[in-house]
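The letter at position 140 of the sequence shown is residue 178 when you use our numbering, and the numbering goes up by one with no holes. Glycine included, each C-beta is placed from N, C-alpha and C at the ideal position. Everything on this sheet refers to the single structure shown next.
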Amino acid sequence: MASRRSNKRKRRRRGRFGFLYKLLSLVIILVVVAAGCVVFFRVEEITVDGESKYTAEEIIAASGVEQGDNLFLINRAGTAQKIYTALPYVDDVSIRPALPDGLVIHITERIPTAVIQGGEGWWIIDKKGMIVEAVSSGTQEGLARVTGLTALLPAVGTKVAVEDAETFRLESLLELLTAMEEWNMVGKVSEIDLSSSANLLMDYDGRFTVRIPMSADFSRKLRALDAVLQELQPNESGTIDLTREDEVRVIPDYGGN
39 MASRRSNKRK
49 RRRRGRFGFL
59 YKLLSLVIIL
69 VVVAAGCVVF
79 FRVEEITVDG
89 ESKYTAEEII
99 AASGVEQGDN
109 LFLINRAGTA
119 QKIYTALPYV
129 DDVSIRPALP
139 DGLVIHITER
149 IPTAVIQGGE
159 GWWIIDKKGM
169 IVEAVSSGTQ
179 EGLARVTGLT
189 ALLPAVGTKV
199 AVEDAETFRL
209 ESLLELLTAM
219 EEWNMVGKVS
229 EIDLSSSANL
239 LMDYDGRFTV
249 RIPMSADFSR
259 KLRALDAVLQ
269 ELQPNESGTI
279 DLTREDEVRV
289 IPDYGGN
């Protein structure tokens, strides 16, 4: 009986030592792997892809990543934030390692759509209302000049803010800019007038004044506009009224060509 108890205690001790041995072995393996990752996998080449107005050198400099940095110790979120802060035209950043020694930075650029006045100048914005650049004039090629809305304390790299009384106008503007991008009308609209609380006015292609309710489904309205434009002749001009539900009225400008 005593012999059997002794054998059981020995087996339990061997079992405990076996578990500790396996645990210690696992820890050693993990330490060796971690040390290998620190010693090896150093950044030797940084590649930038995607459409961007910035050069690869500017993007790499903004990222703060340098040759010799460890691929697995790079803070990707922090690196992306550095790029956003330094380069306001950047809309999205993804960063991934390209083993064994490469790093890829993929850039998605903001599309400028309009120019809005605020403070003592004019500011280029995208469809989300992000201010990407300060300019000296409201007339910028390919961009819609916004009137009837004033930016409050504008600064590059921030979103457009307005007085509380103008919040609805701003929301309508951003929805319209999104629809313009959807229907490939960016560059065709030269002015957006938000002075009225009921309807907004667009100058389209230098030929038509387009009237749309301020609270409209802009994607649906621009789809209707696109359809009617395809039926009109290149020399026609006038007013296109989209204020009525399910009806488009074209009022010709008989004084035009």
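Item                                                                                                                                                           : Value
Tell me which residue opens and which closes the beta strand (DSSP E) that M331 is part of.                                                                    : Coverage of the chain is limited to positions 39 through 295, which leaves residue 331 absent and any answer about it impossible.
Between which two residues does the alpha helix (DSSP H) harbouring F246 extend?                                                                               : It is not in any alpha helix (DSSP H) - F246 instead sits in the beta strand (DSSP E) that spans 246-251.
To which residues does DSSP link Q268 through a beta bridge?                                                                                                   : DSSP, once it has assigned bridges, lists no residue as partnering Q268.
First and last residue of the beta strand (DSSP E) that includes L141?                                                                                         : 140-147
How about I143 and V86: do their beta carbons lie closer than 8 Å?                                                                                             : yes
Helix, strand or coil, according to DSSP, for I112 in the structure here?                                                                                      : coil
From L214 to S257, what does the alpha carbon distance come to, in whole angstroms?                                                                            : 8 Å
Would you grab the beta carbon distance between A182 and T151 for me? Rounded to a whole angstrom, and I think it's under 8 Å.                                 : 7 Å
Kindly confirm or deny that the region 271-278 and the region 218-235 touch, where touching means at least three C-beta pairs closer than 8 Å.                 : no
Distance check for S174 and E158, CA to CA, integer angstroms please.                                                                                          : 9 Å
In whole angstroms, what separates the C-alpha of A172 from that of L137?                                                                                      : 40 Å
Are V153 and W160 closer than 8 Å when you measure CB to CB?                                                                                                   : yes
Here's a check: name, in chain order, each residue in its chain whose Cβ is nearer than 6 Å to the Cβ of R287, leaving out the five neighbours to either side. : D279
Can at least three beta-carbon pairs, one atom from the region 203-212 and one from the region 237-257, be found at a separation below 8 Å?                    : yes
Report the rounded CA-to-CA distance for T146 versus R134, giving the unit in angstroms.                                                                       : 15 Å
Since L260 and M223 should fall inside the 8 Å C-beta cutoff, what is the C-beta to C-beta distance between them, to a whole number of angstroms?              : 6 Å
Going by alpha carbons, who is nearest to G167 out of L190, G180, E179?                                                                                        : L190
Counting only runs that start and end within the region 129-192, where is the beta strand (DSSP E) found for 3 or more residues in a row?                      : 140-147, 150-156, 159-164, 169-173, 182-189
Can you give me the start and stop residues for the beta strand (DSSP E) that E83 sits inside?                                                                 : 83-87
Out of V184, I289, R148, which has the shortest C-alpha to C-alpha gap to K91?                                                                                 : R148
Looking at T205: is its Cβ nearer than 8 Å to the Cβ of I250?                                                                                                  : no
Rounded to whole angstroms, what's the CA-CA distance from A99 to V194? Just pull it up for me.                                                                : 19 Å
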